[in-house]
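**Student:** This is the structure, below, for whatever I ask next.
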Amino acid sequence: MLKAMFPGTFDPPTNGHLNLITRAAAIFEKVYVVIAVNRGKSCFFSEQERFLMMQELLAPYGNVEVVLWDRLVVEFAAAHDVKVMLRGVRALADFGYEFELAMTNKGLAPDLEIMFMPTDPKYFVLRSSAIKEIADFGGDVSSMVPPLVVKALKERHQR
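Right under this line is the structure:
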């Protein structure tokens, strides 16, 4: 069984993330969506909130599993016999960062293949940080994130 993983913080989950996961689910027999728990990174949504949102959003996909992970993603790959790590790229600026990260991960796990998947053009400019900023100012993010996330962002800002 060819397994892939798509790691990230998913803070918040975007339509771009879902686009990549949907496409990966059509290619690989099993896709793990690995929600990174990075204690050094300040996230808008808690790890549990991100996990529950992604679980609900990806429930229709029988070959996609959402997990929380608080160690190196290459350790997840080794523990779950994952052969491919997927990384989404939107623009050249993303590629530079993603390439460095890929080389680091290849150094740690030489047998793990890293595949870059560009987003569909309609999700080209979706950045989680921009979405959070727009939501902070009360802007409409409904074209950028699923309705479940729109609701969660509104609820968070009302508090």
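full-length UniProt numbering puts the sequence shown at residues 1 to 159.
Glycine residues also receive a C-beta, built at the ideal position from the N, C-alpha and C atoms.
Would you grab the beta carbon distance between M53 and L148 for me? Rounded to a whole angstrom, and I think it's under 8 Å.
**Tutor:** So it is a contact: roughly 6 Å between Cβ atoms.
**Student:** Compute the beta-carbon to beta-carbon distance between L72 and V64, rounded to the nearest angstrom, for a pair I have assumed lies under 8 Å.
**Tutor:** Not quite, the Cβ-Cβ distance comes to about 22 Å (not below 8 Å), so this is no contact.
**Student:** Please work out which residues of its chain come closer than 7 Å, Cβ to Cβ, to A109, disregarding the five sequence neighbours upstream and downstream, and give them in chain order.
**Tutor:** Cβ within range, chain order: V74, A77, A78.
**Student:** Just to confirm, are Y32 and V89 a CB contact at a threshold of 8 Å?
**Tutor:** Cβ atoms of Y32 and V89: not closer than 8 Å.
**Student:** Using only alpha-carbon positions, find the residue among G139, R156, V84, L153 that is nearest to L2.
**Tutor:** The residue with the shortest Cα to Cα distance from L2 is V84.
**Student:** E47: buried (16+ other C-beta within 10 angstroms of its C-beta) or exposed?
**Tutor:** E47 comes out buried.
**Student:** For the beta strand (DSSP E) that contains residue 161, what are its first and last residues?
**Tutor:** Because the chain spans 1 through 159 in this model, residue 161 falls outside it and cannot be assessed.
**Student:** Measure the C-alpha to C-alpha separation of D11 and F44 and round it to an integer number of angstroms.
**Tutor:** Their Cα atoms are separated by approximately 6 Å.
**Student:** Hey, quick one: how far does the alpha helix (DSSP H) through F76 stretch, first residue to last?
**Tutor:** It spans 73–79 - the alpha helix (DSSP H) in which F76 sits, taken as one unbroken run.
**Student:** Along the beta strand (DSSP E) that carries E65, what are the first and last residues, could you check?
**Tutor:** 64–69 is the span of the beta strand (DSSP E), which, as asked, contains E65.
**Student:** What does A36 pair with, by DSSP beta-bridge criteria?
**Tutor:** DSSP lists W69 as partners of A36.
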